[in-house]
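Undergrad:
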Amino acid sequence: SQTIHQWPATLVQPVGSPLSLECTVEGTSNPNLYWYRQAAGRGLQLLFYSIGIGQISSEVPQNLSASRPQDRQFILSSKKLLLSDSGFYLCAWSWGAREAFFGQGTRLTVV
Amino acid sequence: EDQVTQSPEALRLQEGESSSLNCSYTVSGLRGLFWYRQDPGKGPEFLFTLYSAGEEKEKERLKATLTKKESFLHITAPKPEDSATYLCAVQAPGANNLFFGTGTRLTVIP
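For the record, the sequence lines run as chains A and B. Letter by letter, the first sequence follows residues 531 to 641 of our numbering. Letter by letter, the second sequence follows residues 69 to 178 of our numbering.
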């Protein structure tokens, strides 16, 4: 069976510090991978998605970037965090254009 | 512009009191409609995928239905453990991602 791991679960970072969130998927190959952000009372906002190694599409211009160094690894990064980057970040995978399966999320608080 | 609207925003039910959650969408050529359950502080858990009008899916006390403009998530005789936020998402033609509504927060009171 397939599993998705996302870490850390919670993170408190000062403004201006770098960020690296990691997500890995097990039990499948060549999945589509996604990073979403969920703000309180709002729907999930797609940040990045990837259909293959090194192939990243950005949906929202912002202070964040994503990379896919390996088939089942997806990384969300920032060089300098802003207060507005606080939120709940979710990694997900899917087989092509089908239902997505989510990790447990990372609660990021920028102080 | 593709949109997904969920109603009500919040719903409180007594245990055993059946009800329905609504998800209305404006997507041309819907590729799929998805229901998720999300517990506080957790990632969404996949429930159902519906592909065409008239389709129905069931899982325990939950039943999802789809028309050309909306989907309903029917909850029969809910229990307190059904308390969660229920999210609806749609996929448009040519899209690689899902577009989510803001969810319905369900509370079932014992």
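Just so it is clear, CB atoms sit at the ideal spot from N, CA and C, and this is done for glycine as well.
In angstroms with no decimal places, state the Cα-to-Cα distance between Gln74 (chain B) and Val158 (chain B).
TA: 12 Å
Undergrad: Indicate whether the contact test is met: 3 or more Cβ pairs, each with one atom in the segment 84-98 of chain B and one in the segment 556-571 of chain A, closer than 8 Å.
TA: The segment 84-98 of chain B makes no contact with the segment 556-571 of chain A: fewer than 3 CB pairs, one atom from each, lie closer than 8 Å.
Undergrad: Under the three-state reduction of DSSP, which class applies to Pro108 (chain B): helix, strand or coil?
TA: coil
Undergrad: Under 7 Å between beta-carbons, which chain A residues line up against Pro112 (chain B)? List them in chain order, please.
TA: Below the 7 Å Cβ cutoff, chain A contributes Phe632 as neighbours of Pro112 (chain B), in chain order.
Undergrad: Roughly how far, in whole angstroms, is the beta-carbon of Arg80 (chain B) from the beta-carbon of Thr175 (chain B), given that I think they are within contact range, below 8 Å?
TA: 5 Å
Undergrad: Using DSSP bridges, identify the partner residues of Asn562 (chain A).
TA: A:Ser624
Undergrad: So which residues on chain B does Tyr481 (chain A) lean against when the C-beta distance must stay under 8 Å?
TA: Residue 481 (chain A) cannot be examined here, being either before or after the span of chain A that is shown, 531 to 641.
Undergrad: Going by the CB atoms, is the gap between Gln106 (chain B) and Leu141 (chain B) shorter than 8 Å?
TA: No, Cβ-Cβ distance for Leu141 (chain B) and Gln106 (chain B) is not below 8 Å.
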